[in-house]
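K.L.:
Dumping the structure here so I can ask a few things about it.
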Amino acid sequence: MATSNFLLSFPDKEEFPLALLSLFHVQLALALLVPITFYLIYFIRKDYHAFLALGPGGTPSTPAGYLRICILRLVTIRNPLQAPSVPPTLHPQTGLLTRTTIPARPGPRPTVVGIAPQRQITQKPRAAMYDALATEIQQLAIGDPNTLYTATSCFEKHSTGIFHRLPCETSTTAPTNNNNNNRKSPKRPSTTHNHRITCNGEVCHSHPSDGSLHLTLHPADVKLILERGWGQRHPLARDSWWWVTKIVPTGFMMIYAPRNEEELKVVIEIIRAAAWWVGGKELR
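Heads up, the sequence shown is in this note's numbering, so the first residue is 1 and it goes up one at a time.
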């Protein structure tokens, strides 16, 4: 009886080659899938730990936060060193910064990684230089308390940022130039364009881990900063009109950490330009 059952279950001569072929296909699929699966596990684990190594930022350092970053990678800009366009409806068409106030940054650019958080992993300054930067940013708010205040960054969620205090005035008249009497004051930015909308009026925030900053600038100022080598656009700072659910403003960019006193002076000028763009007037 047992022999009879065995004979009944065993493939006949015509089906035997097909059974062998099916078994071969299964073994081939396993041979391909197993190493690919192990590689994906290794890559995801390595990428996840690289995400955690960037430290706290706008995205929680959790598996859910990592998954969010993986999804956001699908919509990042292709070239962070390419300037955004200046819409013809944007007022004014020119920014605040000039080639005189923004010299070329010496040396190569630092290596920058990440989306949220986004950090530079080379050319990190000494702790004393970051302390000097934090002090200068604080002094900007103290020096113009009716315009600026400090609070936890709306973008970063951890570091301290400076914000514009009052609603921007809609005006096309030139403001008083408080910084350089020899420079022509630009017109006040129009309040009707979404290029200037930031999170709760945030002007900038700095990162203690690497000394860099994030801020929002006029598109023309973004172009100058890119040309002079002082920063790069944030990966999510898209300027396409179809991108209606903007996560960050079009002019949102990273400014590299200042390495010495001379670079610190330039960075402060860039922050002033961000305050002008977000707030509608130059700082005192």
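Yeah, the Cβ is synthetic: ideal placement off N, Cα and C, and Gly gets one too.
Write down every uninterrupted run of the alpha helix (DSSP H) in the region 248-279 whose length is 4 residues or greater and which is fully enclosed by it, in chain order.
P.N.:
Whole alpha helix (DSSP H) segments, 4+ residues: 261-279.
K.L.:
Quick check: the Cα distance between valine 267 and threonine 62, rounded to an integer number of angstroms?
P.N.:
One C-alpha to the other measures close to 33 Å.
K.L.:
Rank Gly55, Phe155, Thr98, Ile137 by C-alpha distance to the C-alpha of valine 113 and give the top, closest one.
P.N.:
It is Gly55 whose Cα lies nearest to the Cα of valine 113.
K.L.:
Could you tell me the alpha carbon to alpha carbon distance between glutamine 123 and valine 86, rounded to whole angstroms?
P.N.:
In a straight line, the C-alpha of glutamine 123 is about 31 Å away from that of valine 86.
K.L.:
By Cβ distance, which residues of its chain are closer than 6 Å to arginine 119, with the 5 residues on each side in sequence left out?
P.N.:
Excluding positions up to five away in sequence, the list reads Leu54, Asp210.
K.L.:
Which one of Ser159, Pro258, Glu262, Ala257 has the shortest CA to CA distance from glycine 57?
P.N.:
The residue with the shortest Cα to Cα distance from glycine 57 is Ser159.
K.L.:
Apply the 10 Å Cβ neighbour rule to arginine 73 and answer buried if 16 or more other Cβ atoms are within range, or exposed otherwise.
P.N.:
By the neighbour-count rule (16 or more Cβ atoms within 10 Å), arginine 73 is not buried but exposed.
K.L.:
Give me the residue from Glu282, Arg228, Leu283 with the minimum Cα distance to alanine 83.
P.N.:
If we check each option's Cα against that of alanine 83, Arg228 comes out closest.
K.L.:
Might you give, ordered along the chain, the residues of its own chain that have their beta carbon closer than 6 Å to the beta carbon of leucine 215, omitting 5 neighbours on each side?
P.N.:
Hits under 6 Å: Cys204, Ala274.
K.L.:
Closest to leucine 148 by CA distance: which of Glu136, Leu140, Phe155 is it?
P.N.:
The residue with the shortest Cα to Cα distance from leucine 148 is Leu140.
K.L.:
Glycine 279 and histidine 91 look like a contact to me (Cβ under 8 Å); what is the Cβ gap, rounded to whole Å?
P.N.:
Contact doesn't hold; Cβ gap of about 15 Å is too wide.
K.L.:
Give every residue of the same chain whose Cβ lies closer than 8 Å to the Cβ of glycine 143, excluding the five residues on either side of it in the sequence, and list them in chain order.
P.N.:
Leu283, Arg284, listed in sequence order.
K.L.:
What are the boundary residues of the beta strand (DSSP E) that includes leucine 283?
P.N.:
Here leucine 283 belongs to no beta strand (DSSP E), and DSSP marks it neither H nor E.
K.L.:
What separation, rounded to the nearest whole angstrom, lies between the Cα atoms of glutamate 263 and tyrosine 39?
P.N.:
Spanning the two alpha carbons is a distance of roughly 43 Å.
K.L.:
On a CA-only basis, which of Glu261, Gly65, Pro117 is nearest threonine 105? Give me that one, please.
P.N.:
Note that residue 105 corresponds to arginine in the displayed sequence, not to threonine. Nearest of Glu261, Gly65, Pro117 to arginine 105, Cα basis: Glu261.
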